[in-house]
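K.L.:
This is the structure, below, for whatever I ask next.
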Ligand SMILES: O=c1ccn([C@@H]2O[C@H](COP(=O)(O)O)[C@@H](O)[C@H]2O)c(=O)[nH]1
């Protein structure tokens, strides 16, 4: 699928990082006429269980299940089978789990989706978290060199395993596209409009710059969810990115 044909709003995933389903659904409902995909992470999932996926699907949203599986191949295959049975649009695994783990995740997703006659979810590899700085990578995690080189190496590995794309920061989009091609998805968190706080994110980029760099999708949480008026913040972000994509005129 050519991501460049998507409307800017369809490239934005809103991170529903809430501790209860009511707040999550309230925000989703406020954005439902604009945003198509909601991201469910572990905080919300542990409180709501799979019911949150059903409630979002009933409302017509696609779901990116951000569970970041990282375990032995057999366990990740089982988890991938289970998450696929919920009809999610996308889920992710850590590239650090290795080739076999990623291959098994993808195979399990394909097998379960085919058995159910549903679309195969996009399986995405997490490279290095956007909260990770070079110093942390080198001195705590123990990987030498710059973040960009590691992210690109991980992206190549994810592609070799048959994954559909990777999670990375905006700063690595160009390198990933050069290494893995334009069809390989880049899912980009650490997105911060100039008017939003960085919080715990380190490798940040504005929505406009990330889309200009070729991001397939942007993941945006607190810039929207912690705003005084989350809907207004989402619309402001959309206005900013639409101005940077003049060719998208008819969809705006
Ligand atoms: O490297 C990563 C991987 C995942 N995330 C997730 O994205 C959102 C970002 O939220 P913000 O509030 O916009 O910072 C959050 O749910 C993370 O778990 C990430 O930030 N970085």
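Residue numbers (this note's numbering): 43 to 294. Don't be surprised by glycine CBs; every beta carbon is placed ideally from N, CA and C.
Below 8 angstroms on the Cβ atoms is my guess for residue 252 versus residue 207; work out the distance and round it to an integer in Å.
P.N.:
That belief does not hold up - the Cβ atoms of residue 252 and residue 207 are roughly 14 angstroms apart, past 8 angstroms.
K.L.:
Quick check: does the Cβ of residue 89 come within less than 7 angstroms of any heavy atom belonging to ligand 1?
P.N.:
False, no ligand heavy atom lies under 7 angstroms from that Cβ.
K.L.:
Hey, would you say the C-beta of residue 285 is under 7 angstroms away from at least one heavy atom of ligand 1?
P.N.:
Answer for residue 285: no, Cβ out of range of ligand 1.
K.L.:
For residue 242, does the three-state DSSP call read helix, strand or coil?
P.N.:
In the structure shown, residue 242 sits in coil (DSSP, three-state: anything other than H, G, I, E or B).
K.L.:
Quick check: does the Cβ of residue 183 come within less than 7 angstroms of any heavy atom belonging to ligand 1?
P.N.:
Incorrect: residue 183 has no Cβ contact closer than 7 angstroms to ligand 1.
K.L.:
Quick check: the Cα distance between residue 196 and residue 150, rounded to an integer number of angstroms?
P.N.:
Residue 196 and residue 150: Cα-Cα distance of roughly 21 angstroms.
K.L.:
According to the Cβ coordinates, are residue 56 and residue 266 closer than 8 angstroms?
P.N.:
Yes.
K.L.:
To the nearest angstrom, report how far apart residue 292 and residue 162 are at their CA atoms.
P.N.:
Confidence is the limiting factor: at residue 292 the pLDDT is only 39, short of 50, which leaves the residue's position unreliable, though a coordinate-based value still follows. Distance between the alpha carbons of residue 292 and residue 162 is about 30 angstroms.
K.L.:
Do residue 217 and residue 243 have their CB atoms nearer than 8 angstroms?
P.N.:
No, the Cβ-Cβ distance between residue 217 and residue 243 is not below 8 angstroms.
K.L.:
Taking residue 86 as part of the alpha helix (DSSP H), name the residues at either end of that continuous run.
P.N.:
Here the alpha helix (DSSP H) through residue 86 covers 84 to 90.
K.L.:
Does the distance from the CB of residue 136 to the CB of residue 111 come in under 8 angstroms?
P.N.:
A contact, by the Cβ cut-off of 8 angstroms.
K.L.:
With DSSP as the reference, label residue 230 as helix, strand or coil.
P.N.:
Strand at residue 230.
K.L.:
Ignoring anything shorter than 4 residues, give me the alpha helix (DSSP H) runs that lie fully in the region 112 to 139, in order along the chain.
P.N.:
Counting only runs of 4 or more, we get 115 to 126.
K.L.:
Give a single yes or no on whether residue 61 has its beta carbon closer than 7 angstroms to a heavy atom of ligand 1.
P.N.:
Because no heavy atom of ligand 1 lies under 7 angstroms away, the Cβ of residue 61 does not count as near it: no.
K.L.:
Going by the DSSP bridge assignment, what does residue 55 pair with across the sheet?
P.N.:
Residue 55 is bridged to 79 and 261.
K.L.:
Say the cut is 7 angstroms; is the CB of residue 265 nearer than that to a heavy atom of ligand 1?
P.N.:
The answer is yes for residue 265.
K.L.:
Using the C-alpha atoms, what's the distance from residue 120 back to residue 285?
P.N.:
Distance between the alpha carbons of residue 285 and residue 120: 43 angstroms.
K.L.:
Using a threshold of 7 angstroms, is the CB atom of residue 209 nearer than that to any non-hydrogen atom of ligand 1?
P.N.:
Indeed, a heavy atom of ligand 1 lies less than 7 angstroms from the Cβ.
K.L.:
Over what stretch of residues does the alpha helix (DSSP H) that includes residue 189 continue unbroken?
P.N.:
Segment 189 to 202, the alpha helix (DSSP H) holding residue 189.
K.L.:
Alpha carbon to alpha carbon, what distance is there between residue 282 and residue 249?
P.N.:
Residue 249 and residue 282: Cα-Cα distance of roughly 8 angstroms.
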